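Asks:
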Amino acid sequence: MHIPISWLGEYVELPAQVTGEQVAADLVRVGFEEESLGAQMITGPVVVGKVVSREPEPQKNGKVINWCQVDVGQANGTGEPQGIVCGAHNFDAGDLVVVSLPGAVLSGGFEISERKTYGHLSAGMICSASELGLGDDHDGIIVLTEYLGDEAAGLQPGQDALSLLGLDAQTIEVNVTPDRGYAMSLRGLAREYSHATGARFTDPAGLAVDTPTGPGVPVAVSDDAPIRDVPGCDRYVARVVRGIDRSRPTPRWMAKRLTDAGMRPLGLIVDVTNYVMLALGQPLHAFDLAAVADGIEVRRARAGETLTTLDGKQRTLDEEDLVITSGGAPVALAGVMGGAESEIGEATTDLLLESAHFDAVSIARTARRHRLVSEASKRYERRVDPQLAPAAAQLAIDLLVEHGGGVAEPAFTDLDETTQPEPITFDTARPTALVGVEYDRATVIERLEMIGCRVEDAGGAGQATDGTEHGTVRVAPPSWRPDLTIPADLVEEVARLGGYDEIPSVLPKAPGGNGLTLAQRRRRIAADLLADAGLHQVVTLPMTSDEQFDRLGYPADDSRRTALRLHNPLSAEEPLLRTALLQTLVPAARRNLSRGQRGAAVYELGRVVLPTGDAVAPVQDVGLEPSPQMLQELADAVPHQPFHAAGLIAGEWERQGWWGPARVAEWSDAVELALGLAGRFGVEVTLEQAQHAPFHPGRCARLRLADGTVWGHAGELHPQRLAELELPERTVGFEVDVDALIEASPEVSAHRDFSDQPFSRVDVALLTDLSVPASAIGDALREGAGELLETVEMFDQYTGEQVGEGRRSTAWRLTFRADDRTLTNEETNAARDAAVALVSERTGAEHRG
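Under the working numbering, think of the first position of the sequence shown as 267, with each following residue one higher.
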């Protein structure tokens, strides 16, 4: 919202010599964001000049220029007339004009300097209205005696013209939040400035409104399909002005204010409606009276109806659109834009002025449906004061009569079906409790009354934290504040009017025992472990697609293909919520490699969405408090969202340097990263060979927890999948369920007391079929060796002619230790033999000594 400071000063008392920066700072204190401080578009020297002589000089190109001598007083430092070349011809010797001297900067950043042209050294410019930003007329220059009329009397050459024409006016721009539609007007912002500074506010809507002598143009509202059971129109004022003189221009002061506020003057009638809208915040619309002679009906559009709007486009109307009709045909989109058939034309002298209140949601939907955002719709969709319509119509009528020579008909229509806002029961101790600043009862009531609320005692005594007496009151918000609906809104007003800058910044005290949960701490540890291993953390959007499932090679019956589909996805190409982190981690790795990286080692910790059942979340009607049953149904419809960790290593894992050549990651690196997470939390994990897309079937490890739960997978990605995913050969990765790991991990890590007894280590070689997984051999050795076994690890394997086709020899190292004694050879050998015996029984292994 653009705010001309001089215009604002008509409605609220401003300090002398106040600057735009000071006004903006005061508005920021009460919650309005400063958008910009309007810089002065024109800088001097721009002065009054008196034409001493004008000599026409025809040119070879057929153009006639004027060589002028202009008296600019002492503004040029010499007192001598200034020689200026001018192409306009609507002035003569003796006229007072506006002269920009060398050094001036005009609208659009046009700098004035001495320059040689048409055989003369022209030292300045005689200005037109367009060059000064005062209008669109650029054919002739401004003759001040005509432009200013009686105000031009007494002007002297050299006098500053910027202040004379209002070109030195300051303008600021503030950002109005959507809930404060009242502030999209000078009236609303002047009231807010008054709240911030205590300055005296004069309500421009407080003018005397005529009482109708009888009914005017018939008006009917027939909304048979209201949105949210709210009528589309509950206030409609229709007033008639006859005999407007269309030759009369918009007053100069009004055109200047409109320009400063960011609107282009278009003619007296339209300018008056725009002026009132900017001043009060109430949109108006003027119809050619002849086009609506049959009266006005406000209703919803019918199927198949069309309307050509003022922008010249024919629009097919929707049955939800609210329209203004006359004689059964639409003549305007209510609250958005008028129709071409009822437009004010050059011959229009009689008009019907509409000042109405329309439902915000209805107008917002219509504007978006037709992609037709207007200054009127911006205000209606932010909610307009329903009691403002008569005053706005009266102000517009007064201006049209005064400046257009029209006559207002004393009989007019004011259809009023508005209702008063519901009072809010409010505890005056609530602001202190929510904001953390002590507000006594008197201060709370004073600030609520300041914004126009009516406050009545409702009993129910209470007490603030400092012992101050408080109580319950009933607060009736003013009509211009429809955003005040619940107690929290009133708390915000109490805090806002004290100034947000007066609320101290105090760090809250963290109560004991309410810090990070165990799960949160473990997740942070997991992130640190992966980062310390050399991976870079990424955060990806959790959206994917069926095409990505295909590229990852998921079988048709894979449960990971069952994904939730978004109704309104960010991208139509990715409408599904991910069921595995690798689905979104792969594009991140590929994007890094495409930027020239020799390797990409990335990881992510985040949630995946795993739909369970067919529960559908219910839809709650707006404005109704959800019932316990609905809350339970919402909770039941929330899908399972476990926390996963995943990593990818593509390209170089170890860089080349003086220490040696580069190394590409192997499947074992991915497995080591996953096992490192489990080991950090003291969780035993077993490995087994698996087939799990997108991993290579021969280089994929399934990781199981002690209870048999599949914790995740790690290994090398399948070559065919790598080609589909556009990743380098031998890319490896892993994905594990962090929530399952946390659940399996002890709250306090288990430990084993250190023993100072010597260990005994033996190696065994076992010959098995290739189909026997190494994890099965290791599990059997642990179980068979008994309590004396400290560790077991496979340190070698062999396949070849010496062991036979389809056979494999694995070498295992068993370490034994007792806590209270030195083990004898007999004890160690007995434990070893028991372990080998159990392996042979379960897997058919042969002990090779």
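All C-beta atoms, glycine included, are put in the ideal place defined by N, C-alpha and C. None of the values given here were measured: they were computed from a predicted structure.
According to DSSP, simplified to helix, strand and coil, what is Thr285?
Replies: Taking the sequence shown and counting its residues from 1, one reaches residue 285 at position 19. The answer is coil: DSSP assigns Thr285 none of H, G, I, E or B.
Asks: By the 10 Å Cβ neighbour count, where 16 or more other Cβ atoms means buried, how is Gln898 classified, buried or exposed?
Replies: By one-based count along the sequence shown, residue 898 stands at place 632. Under this definition Gln898 is an exposed residue.
Asks: Compare the C-alpha of Asn327 against each of Tyr384, Gln335, Val364 and name the closest.
Replies: For this step, residue 327 is matched to residue 61 along the sequence shown. Comparing Cα positions, the closest option is Tyr384.
Asks: Taking only the alpha-carbon atoms, compute the straight-line gap between Val757 and Thr709 and give it to the nearest angstrom.
Replies: By 1-based counting over the sequence shown, the position of residue 757 is 491. By 1-based counting over the sequence shown, the position of residue 709 is 443. Whole-angstrom Cα-Cα distance: 12 Å.
Asks: Are Pro821 and Arg844 close, meaning C-beta to C-beta below 8 Å?
Replies: For the purposes of this step, residue 821 is taken as the residue at position 555 of the sequence shown. For the purposes of this step, residue 844 is taken as the residue at position 578 of the sequence shown. Contact: no.
Asks: Measure from the alpha carbon of Asn1095 to the alpha carbon of each residue in Leu1080, Gly601, Glu1071, then state which is nearest.
Replies: For the purposes of this step, residue 1095 is taken as residue 829 along the sequence shown, with counting starting at 1. If we check each option's Cα against that of Asn1095, Leu1080 comes out closest.
Asks: If you draw a straight line from the C-alpha of Arg381 to the C-alpha of Trp333, how long is it?
Replies: What you label residue 381 is simply residue 115 of the sequence shown in a count that begins at 1. What you label residue 333 is simply residue 67 of the sequence shown in a count that begins at 1. Roughly 14 Å separates the two Cα atoms.
Asks: Please identify the residue among Arg631, Pro652, Thr975, Gln863 whose C-alpha is closest to the C-alpha of Ser643.
Replies: Position 377 of the sequence shown, counted from the start, is the residue given in the question as residue 643. Checked all of Arg631, Pro652, Thr975, Gln863; the closest Cα to Ser643 is Arg631.
Asks: Would Thr525 be called buried (16 or more neighbouring beta carbons within 10 Å of its own) or exposed?
Replies: As a working mapping, residue 525 is identified with position 259 in the sequence shown. Taking every protein chain shown into account, the CB of Thr525 has 16 or more other CB atoms within 10 angstroms, so this residue is buried.
Asks: Measure the Cβ-Cβ separation of Val363 and Gly315 and say whether it is below 8 Å.
Replies: Residue numbering aside, residue 363 sits at position 97 when the sequence shown is read from its first letter. Residue numbering aside, residue 315 sits at position 49 when the sequence shown is read from its first letter. Contact flag set, yes.
Asks: Tell me the DSSP bridge mates of Glu1112?
Replies: The residue labelled residue 1112 in the question sits at position 846 within the sequence shown. Answer is Leu1033, bridged to Glu1112.
Asks: Just the C-alpha distance for Arg1098 and Val1028, rounded to the nearest angstrom, thanks.
Replies: The residue you call residue 1098 lines up with position 832 of the sequence shown. The residue you call residue 1028 lines up with position 762 of the sequence shown. Between the alpha carbons of Arg1098 and Val1028 lies a gap of roughly 8 Å.
Asks: Can you tell me which of Thr539, Asp680, Asp824, Glu585 puts its alpha carbon nearest to the alpha carbon of Thr477?
Replies: Indexing the sequence shown from 1 puts residue 477 at position 211. Nearest option by C-alpha distance: Asp680.
Asks: Starting from the Cα of Glu982, find the closest Cα among Ser934, Ala662, Leu773, Asn441 and give me that residue.
Replies: Within the sequence shown, the letter at position 716 stands for residue 982. Looking at the Cα atoms, Ser934 is the closest of the given residues.
Asks: Consult DSSP for Ser394 and reduce its assignment to one of helix, strand or coil.
Replies: In the sequence shown, residue 394 corresponds to position 128, counting from 1. In the three-state reduction of the DSSP assignment, Ser394 falls in the strand class, which pools E and B.
Asks: Please classify Val330 as buried or exposed, where buried requires at least 16 other C-beta atoms within 10 Å of its C-beta.
Replies: As a first step, residue 330 is located in the sequence shown; it is residue number 64 there, counting from the start. Result: exposed.
Asks: Quick check on Tyr869: buried or exposed, where buried means 16 or more other Cβ atoms within 10 Å of its Cβ?
Replies: On the sequence shown, residue 869 is found 603 positions in, with the first residue counted as 1. By the 10 Å Cβ count, Tyr869 comes out buried.
Asks: Please classify Ala419: does DSSP put it in a helix, a strand, or coil?
Replies: Translated into the one-based positions of the sequence shown, residue 419 becomes position 153. In the structure shown, the three-state DSSP call for Ala419 is coil.
Asks: Report all residues from its chain with a CB closer than 6 Å to the CB of Gly222; omit the five preceding and five following residues, and keep chain order.
Replies: Nothing about residue 222 can be read from this structure; the chain reaches only from 267 to 1115.
Asks: Beta-carbon within less than 6 Å of Val538's beta-carbon, same chain only, minus the 5 sequence neighbours each way: which residues are those?
Replies: In the sequence shown, residue 538 corresponds to position 272, counting from 1. Counting only Cβ-Cβ distances below 6 Å, and skipping sequence neighbours, we find Ala662, Leu665, Leu666.
Asks: Three-state secondary structure (DSSP) at Val485?
Replies: Counted from its first residue, the sequence shown places residue 485 at position 219. Strand.
Asks: Might you give, ordered along the chain, the residues of its own chain that have their beta carbon closer than 6 Å to the beta carbon of Ile711, omitting 5 neighbours on each side?
Replies: In the sequence shown, counting from the first residue as 1, residue 711 sits at position 445. Here the set comprises Val721.
Asks: Assign Trp933 to one of three DSSP states: helix, strand, or coil.
Replies: The sequence position of residue 933 within the sequence shown is 667, counting from 1. Trp933: helix per DSSP, three-state reduction.
Asks: Going by CA-CA distance only, name the one from Leu818, Gly480, Gly872, Leu1007 that's closest to Val951.
Replies: One-based indexing of the sequence shown puts residue 951 at position 685. Nearest option by C-alpha distance: Leu1007.
Asks: Could you say if the stretch 733–742 and the stretch 449–463 meet the contact criterion of at least three C-beta pairs nearer than 8 Å?
Replies: no
Asks: Can you list, in chain order, the residues of its chain whose CB lies under 7 Å from that of Leu1033, leaving out five sequence neighbours each side?
Replies: Start at 1 with the first residue of the sequence shown, and residue 1033 comes out as number 767. Closer than 7 Å at the Cβ level, and outside the excluded window around Leu1033, lie Val1069, Arg1073, Ser1075, Ala1111, Glu1112, Arg1114.
Asks: For Ala797, which of Lys522, Gly1052, Ala867, Tyr541 has the nearest alpha-carbon?
Replies: The residue labelled residue 797 in the question sits at position 531 within the sequence shown. Looking at the Cα atoms, Ala867 is the closest of the given residues.
Asks: Should Phe909 be labelled buried (16 or more other beta-carbon atoms within 10 Å of its own) or exposed?
Replies: Indexing the sequence shown from 1 puts residue 909 at position 643. Answer is buried; the Cβ neighbour count reaches 16.
Asks: What is the rounded straight-line gap between the Cα of Pro894 and the Cα of Arg827?
Replies: Residue mapping note: residue 894 aligns to position 628 of the sequence shown, counting from 1. Residue mapping note: residue 827 aligns to position 561 of the sequence shown, counting from 1. Between Pro894 and Arg827, the C-alpha separation is close to 33 Å.
Asks: Short check: CB of Thr591 to CB of Arg566, under 8 Å?
Replies: Stepping through the sequence shown from its first residue, residue 591 is reached at position 325. Stepping through the sequence shown from its first residue, residue 566 is reached at position 300. No. Outside cutoff.
Asks: Just checking, does the stretch 533–547 make contact with the stretch 653–661 on the three C-beta pairs under 8 Å criterion?
Replies: Counting Cβ pairs under 8 Å, three or more are found: they touch.
Asks: Three or more beta-carbon pairs under 8 Å between the stretch 283–293 and the stretch 334–351, yes or no?
Replies: no
Asks: What residue range is occupied by the uninterrupted beta strand (DSSP E) comprising Ile590?
Replies: Here residue 590 refers to the residue found at position 324 when the sequence shown is read from its first residue. It spans 588–592 - the beta strand (DSSP E) in which Ile590 sits, taken as one unbroken run.
Asks: Buried or exposed for Phe1020, please, with buried defined as at least 16 other CB atoms from any protein chain shown within 10 angstroms of its CB.
Replies: Taking the sequence shown and counting its residues from 1, the one referred to as residue 1020 is at position 754. Exposed, by the Cβ-count rule.
Asks: On the CB-based measure, 16 or more other CB atoms within 10 Å of its CB, does Arg996 come out buried or exposed?
Replies: Here residue 996 corresponds to residue number 730 of the sequence shown, with the count starting at 1. Buried, because 16 or more other Cβ atoms sit within 10 Å of the Cβ of Arg996.
Asks: Are there 16 or more other CB atoms within 10 angstroms of the CB of Ile769, so buried, or fewer, so exposed?
Replies: Stepping through the sequence shown from its first residue, residue 769 is reached at position 503. Its Cβ having fewer than 16 others within 10 Å, Ile769 is exposed.
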